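**Student:** Using numbering that gives the first Met the number 0, read the sequence shown as starting at 0 and increasing by one per residue. Glycine included, each C-beta is placed from N, C-alpha and C at the ideal position. If you're wondering where the values come from, they're calculated on a predicted model, not measured in any experiment.
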Amino acid sequence: MRRNCWLVACALLCCHMASFTQQPATRKASEGAVDERVSALLRKMTVAEKIGQLNQLDYPTHASDDRVRSGEIGAYLNLTDPVEINRVQRIAIEESRMHIPLLLGFDVINGYRTLFPISLAQAASWDPALVERVHAVIAEETSAVGLNWTFAPMLDIARDPRWGRIVEGSGEDPYLASAMATAKVRGLQGRELGTPGRILACMKHFAGYGSPVGGRDYDSVYLPEVQLQNVYLPPFHAAVEAGVGSVMSAYMALNDVPASGNTHLLRDVLRDEWGFRGFVVSDSWAIHTMKNEGYAKDFAQAGELALKAGENMDMGSETYFNYLPADFAAGDVSMRELDDAVRPVLRTKVVLGLFDHPYVNVSKTEAVLTNPSHRLLARRAAAETAVLLRNEDHTLPIAKSIRSIAVIGSLADDPAALMGSWPGKGVKKETVTVLAGIRERAGASVQVAYEPGVMLKREPQTELNSDVMGNNCTTADPVIEKAVAASMKADLTVLVMGEDASMNGEYGSRASIDLPGRQLELMQRVAKTGKPIVLVLVNGRPLNITWASTHFSSILEVWQPGTEGGHAVADLLFGDANPGGKLPVTWPRSTGQIPIYYAHNATKVNQESPDFKSFYWDEPTTPLYPFGYGLSYTTFKVHDLQLSETRIVGDGSLEANAIVENTGSVGGDDVVQLYIHQRAGSAVRPVRELKGFERVRLMPGESKTVRFRIGRKQLQFWSPATRAWGVEPGEFDVWVGDDSRASLRGSFVVTASSKSASLQAQESGTQHE
Ligand code: BGC
Numbered sequence: 000m001r002r003n004c005w006l007v008a009c010a011l012l013c014c015h016m017a018s019f020t021q022q023p024a025t026r027k028a029s030e031g032a033v034d035e036r037v038s039a040l041l042r043k044m045t046v047a048e049k050i051g052q053l054n055q056l057d058y059p060t061h062a063s064d065d066r067v068r069s070g071e072i073g074a075y076l077n078l079t080d081p082v083e084i085n086r087v088q089r090i091a092i093e094e095s096r097m098h099i100p101l102l103l104g105f106d107v108i109n110g111y112r113t114l115f116p117i118s119l120a121q122a123a124s125w126d127p128a129l130v131e132r133v134h135a136v137i138a139e140e141t142s143a144v145g146l147n148w149t150f151a152p153m154l155d156i157a158r159d160p161r162w163g164r165i166v167e168g169s170g171e172d173p174y175l176a177s178a179m180a181t182a183k184v185r186g187l188q189g190r191e192l193g194t195p196g197r198i199l200a201c202m203k204h205f206a207g208y209g210s211p212v213g214g215r216d217y218d219s220v221y222l223p224e225v226q227l228q229n230v231y232l233p234p235f236h237a238a239v240e241a242g243v244g245s246v247m248s249a250y251m252a253l254n255d256v257p258a259s260g261n262t263h264l265l266r267d268v269l270r271d272e273w274g275f276r277g278f279v280v281s282d283s284w285a286i287h288t289m290k291n292e293g294y295a296k297d298f299a300q301a302g303e304l305a306l307k308a309g310e311n312m313d314m315g316s317e318t319y320f321n322y323l324p325a326d327f328a329a330g331d332v333s334m335r336e337l338d339d340a341v342r343p344v345l346r347t348k349v350v351l352g353l354f355d356h357p358y359v360n361v362s363k364t365e366a367v368l369t370n371p372s373h374r375l376l377a378r379r380a381a382a383e384t385a386v387l388l389r390n391e392d393h394t395l396p397i398a399k400s401i402r403s404i405a406v407i408g409s410l411a412d413d414p415a416a417l418m419g420s421w422p423g424k425g426v427k428k429e430t431v432t433v434l435a436g437i438r439e440r441a442g443a444s445v446q447v448a449y450e451p452g453v454m455l456k457r458e459p460q461t462e463l464n465s466d467v468m469g470n471n472c473t474t475a476d477p478v479i480e481k482a483v484a485a486s487m488k489a490d491l492t493v494l495v496m497g498e499d500a501s502m503n504g505e506y507g508s509r510a511s512i513d514l515p516g517r518q519l520e521l522m523q524r525v526a527k528t529g530k531p532i533v534l535v536l537v538n539g540r541p542l543n544i545t546w547a548s549t550h551f552s553s554i555l556e557v558w559q560p561g562t563e564g565g566h567a568v569a570d571l572l573f574g575d576a577n578p579g580g581k582l583p584v585t586w587p588r589s590t591g592q593i594p595i596y597y598a599h600n601a602t603k604v605n606q607e608s609p610d611f612k613s614f615y616w617d618e619p620t621t622p623l624y625p626f627g628y629g630l631s632y633t634t635f636k637v638h639d640l641q642l643s644e645t646r647i648v649g650d651g652s653l654e655a656n657a658i659v660e661n662t663g664s665v666g667g668d669d670v671v672q673l674y675i676h677q678r679a680g681s682a683v684r685p686v687r688e689l690k691g692f693e694r695v696r697l698m699p700g701e702s703k704t705v706r707f708r709i710g711r712k713q714l715q716f717w718s719p720a721t722r723a724w725g726v727e728p729g730e731f732d733v734w735v736g737d738d739s740r741a742s743l744r745g746s747f748v749v750t751a752s753s754k755s756a757s758l759q760a761q762e763s764g765t766q767h768e
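(1) What residues are listed by DSSP as bridge partners for Pro257?
(2) In three-state DSSP terms, what is Asn321?
(3) Taking 6 Å as the limit between beta carbons, can you name the residues of its chain near Leu410, skipping five residues before and five after?
(4) By alpha-carbon positions, which one of Asp732, Val136, Pro343 and Met418 ends up nearest to Glu35?
(5) Do we get a CB-CB distance below 7 Å when we pair Ala500 with the residues of chain B?
(6) Tell me which residues share the same chain as Val467 and place their Cβ nearer than 7 Å to its Cβ, disregarding the 5 neighbours each side in the sequence.
(7) What number of angstroms, rounded off, separates the C-alpha of Asp513 from the C-alpha of Thr590?
(8) Look up Phe747 in the DSSP assignment and give the residues it is bridged to.
(9) Just verifying my parser: in three-state terms, what is the DSSP assignment at Asp723?
(10) For Asn229, which residues from the same chain have a beta carbon less than 8 Å from its beta carbon, with the 5 sequence-adjacent residues on both sides left out?
(11) When you compare only the Cα positions, how much space is there between Ile286 and Thr318?
(12) Within 6 Å: the Cβ of Asp732 and any heavy atom of ligand 1?
(13) Look at the alpha carbon of Ala366 and the alpha carbon of Ser372, and state the distance between them as a whole number of angstroms.
(14) Taking C-beta to C-beta, are Leu264 and Ala206 nearer than 7 Å?
(15) Whole angstroms are fine: how far does the CA of Asp610 sit from the CA of Lys603?
(16) Comparing alpha-carbon positions, which option in Arg708, Tyr75, Asp617 and Gly667 lies nearest Gly315?
(17) Below 6 Å, is the gap between the Cβ of Ser248 and the nearest heavy atom of ligand 1?
(18) Would you grab the beta carbon distance between Thr662 and Ser553 for me? Rounded to a whole angstrom, and I think it's under 8 Å.
(19) Return yes when at least one heavy atom of ligand 1 lies under 6 Å from the C-beta of Phe105, else no.
(20) Can you list, in chain order, the residues of its chain with a C-beta nearer than 7 Å to that of Tyr624? Leave out the 5 residues immediately preceding and following it.
(21) If you measure from the CB of Phe716, is any heavy atom of ligand 1 nearer than 6 Å?
(22) Using only alpha-carbon positions, find the residue among Thr384, Asp413, Arg438 and Ser400 that is nearest to Leu555.
(23) Please classify Arg770 as buried or exposed, where buried requires at least 16 neighbouring CB atoms within 10 angstroms.
(24) How many angstroms separate the CA atom of Lys428 from the CA atom of Asp412?
(25) Smallest Cα separation from Glu701: which of Val659, Glu688 and Leu673?
(26) Output needed for Tyr449: all residues of its chain with C-beta closer than 6 Å, excluding positions within five of it in sequence on either side, in chain order.
(27) At a cut of 8 Å, does the stretch 116 to 127 reach the stretch 567 to 581 through at least three beta carbon pairs?
(28) Taking Lys203 as part of the beta strand (DSSP E), name the residues at either end of that continuous run.
(29) If you follow the beta strand (DSSP E) that Lys703 is part of, which residue opens it and which one closes it?
(30) Should His134 go down as buried or exposed, given a rule of 16 or more other Cβ atoms within 10 Å for buried?
(31) Could you tell me whether the stretch 81 to 90 touches the stretch 525 to 541, where touching means 3 or more Cβ pairs closer than 8 Å?
(32) Cβ of Trp199 within 7 Å of Cβ of Ser245?
(33) If you draw a straight line from the C-alpha of Lys203 to the C-alpha of Met487, how long is it?
(34) When DSSP labels each residue in this structure, what does Ser553 get in the three-state scheme?
(35) Closest to Ser63 by C-alpha separation, out of Ile90, Thr45, Val332 and Gly196, would be which residue?
(36) Return yes when the C-beta of Asp490 is under 6 Å from any heavy atom of ligand 1, and no when it is not.
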């Protein structure tokens with residue numbers, strides 16, 4: 000390990016991070032003053048001006064200075080030129096009657112100019128502090144161009160990797176995803192909304208979007224309340240608790256009611272139960288498409304239904320702009336309803352400080368976007384998010400004796416593949432490819448040959464092109480032969496396989512998680528060389544690598560690692576960094592196993608250990624790799640689990656602690672994970688659920704005691720019997736270890752308090768801590 004290099008990088012980063020904690024005092028006015036300012040505006044605004052505040056249009060497709068001037072537009076999306084931003088903002092502020100600034104939003108999902116690893120990868124870091132820093136940099140770059148709003152974080156739990164947008168979220172688990180949600184909101188918005196250099200976050204897609212029928216993007220979602228509450232809503236609730244300022248409702252229908260017109264989600268849950276005070280924006284054109292879905296009989300009704308359900312802003316479709324005036328004139332929408340819709344939008348503009356500091360200092364923009372410390376952080380993040388899935392015979396890190404490497408696979412030389420499906424304003428030529436990273440690190444003494452092998456192309460698999468996709472192809476192919484020849488000549492082969500950026504993300508659903516194209520054939524031919532092979536996966540979802548998992552000595556999952564991806568991959572391959580990421584999703588063996596997730600319920604089979612005890616006769620029911628799994632170049636031992644109590648009352652808490660020890664010969668990171676299980680209660684509970692984790696960095700021989708608090712937050716669940724959140728008395732199992740199969744076990748009992756916690760929750764109407 001080149002420890003010095005790693006330590007220098009960490010030291011530089013620490014200096015950089017310090018600047019995040021030294022934000023200047025914010026411009027936040029008191030709640031009362033904000034409300035008064037908004038009421039004063041509302042008193043003066045015409046109906047048309049109010050409706051204009053609810054109208055967000057795409058730039059430049061629907062850009063119009065005249066309409067900004069006349070107050071018909073409250074927000075733009077996709078306007079990213081800082082000079083143009085100032086010009087348009089000036090029209091809104093100086094030339095419109097009410098002088099109301101524009102909200103300017105853009106999808107900054109894993110970075111603006113500096114691209115960080117995609118969200119699924121960030122979850123694989125299990126490091127909320129790192130993710131918060133990443134999002135602070137994302138906010139800094141975004142605000143440096145004059146944007147004040149982003150449509151992130153995406154908080155959809157996804158348990159079906161066929162769904163292309165699994166790449167944009169934090170995986171399958173509500174606890175991990177909630178920690179990521181909190182970190183992202185804090186990073187983007189700062190300590191509070193209106194913090195200079197930060198922006199307005201928008202949690203999306205509210206709610207259930209990650210569970211479409213068949214994994215097909217936009218398809219209907221059916222989620223019983225018990226699953227919605229316990230699995231899909233917690234990350235959103237965590238974001239609200241962290242102060243998220245805006246929400247994007249989802250495209251699809253949840254239990255047959257489109258999310259854009261879903262009063263239960265937008266009012267009962269979001270506002271009444273969670274006390275959310277920001278505003279809700281529709282997904283793009285989603286108010287309009289309620290007619291296509293057969294929920295509204297025409298566009299006028301779509302607008303009315305959305306407004307009454309609690310949708311504040313109409314993204315793109317102008318349904319509000321076109322139809323609300325008539326609804327209002329006919330008395331179908333009252334002034335009070337209109338004001339209620341506009342108030343949170345105005346409130347947000349005031350709290351963000353847009354009235355007082357609307358313009359961006361264009362002379363500073365480029366320096367912020369090209370700040371070298373951002374790239375340093377991107378490199379560290381990419382290294383921390385990689386997951387080592389297999390490492391037989393210590394094939395990795397690459398031995399110093401290796402003199403020649405064959406890099407095979409078109410993804411190795413494709414910057415776009417590293418940037419992800421929302422590349423922001425990332426620049427391809429600024430992105431370090433895997434090939435470039437390996438070449439740079441290998442230096443003159445190691446020969447690096449490159450062969451792209453089979454090319455990847457997103458196209459449907461039909462009978463006609465099945466040869467192109469490769470599954471039926473048996474004839475020799477020069478590109479494959481060249482790759483095999485390169486591998487034969489090299490001491491080590493690095494195969495870079497996976498998906499290009501067009502193959503996942505929005506519209507990126509697939510019927511199969513097999514490696515696309517002829518990659519399996521290529522891998523099988525290269526494997527026959529008998530040479531040591533490292534498989535590097537570049538992708539945004541778990542893929543079927545079951546064959547590879549027994550044929551290659553090492554497999555390193557690097558996801559779509561961003562601008563500095565190639566450097567980070569080289570750091571990992573050569574041992575300058577040590578992989579410490581863990582899977583945020585259960586990795587299936589095949590498409591047929593989907594959905595498969597660790598927090599499943601027990602079955603009728605009597606079982607002592609929580610395991611996958613439902614059956615297929617043609618496939619094991621265990622996944623290829625479990626949730627929370629990931630290897631390291633060193634080894635760790637987690638031992639000595641201790642519980643501070645063995646009995647607590649319903650509203651009490653206990654501490655679980657365990658020692659984690661680096662038992663290997665190099666420094667590295669482990670993620671200690673705590674799982675619990677309630678043995679019996681008013682509803683069946685999952686065999687185990689993540690309820691605590693900590694990423695720990697240890698030098699060889701070093702150990703640390705990791706402490707977890709288990710209290711109401713960890714013990715409660717939403718019971719279909721009581722239709723409320725609460726802690727139920729009973730026996731609990733607890734496991735600590737470094738993946739979801741953790742075997743260090745304890746147990747404790749929760750006794751009833753004088754008044755059951757469940758009952759208290761019902762009475763106070765609260766759901767979470
Ligand atoms: C996506 C959103 C995105 C919006 C604006 C939609 O198609 O679903 O996630 O924020 O477009 O670009």
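**Tutor:** Straight from the coordinates:
(1) DSSP output for Pro257 lists Ala252 as bridge partner(s).
(2) helix
(3) Ala416, Val495, Gly497 and Val537
(4) Pro343
(5) Of the protein chains in this structure there is only one, and it is not chain B.
(6) Confidence at Val467 is low in this model, with a pLDDT of 41, below 50, so the placement of that residue is unreliable and no value is reported for it.
(7) Their Cα atoms are separated by approximately 7 Å.
(8) Under DSSP, the beta-bridge partners assigned to Phe747 are Phe731.
(9) Going by the sequence as given, residue 723 is Ala instead of Asp. DSSP places Ala723 in strand when its eight states are reduced to three.
(10) Pro173, Phe716 and Trp717
(11) 7 Å
(12) no
(13) 11 Å
(14) yes
(15) 13 Å
(16) Tyr75
(17) no
(18) About 20 Å separates the two Cβ atoms, so there is no contact after all.
(19) no
(20) Leu388, Leu582 and Trp586
(21) no
(22) Checking every option, the nearest Cα to that of Leu555 belongs to Thr384.
(23) Summary: the structure shown does not reach residue 770, with the chain confined to residues 0 through 768, and so no result is reported for it.
(24) 11 Å
(25) Val659
(26) If you ignore the 5 residues before and after Tyr449, its C-beta comes within less than 6 Å of the C-beta of Val406 and Leu434, all in its own chain and listed in chain order.
(27) yes
(28) Counting along the chain, the beta strand (DSSP E) containing Lys203 begins and ends at Cys201 to Phe205.
(29) Ser702 to Ile709
(30) buried
(31) no
(32) According to the sequence as given, residue 199 is Leu; it is not Trp. Yes, they are a contact pair.
(33) 48 Å
(34) strand
(35) Ile90
(36) Not one heavy atom of ligand 1 is found less than 6 Å from the C-beta of Asp490.
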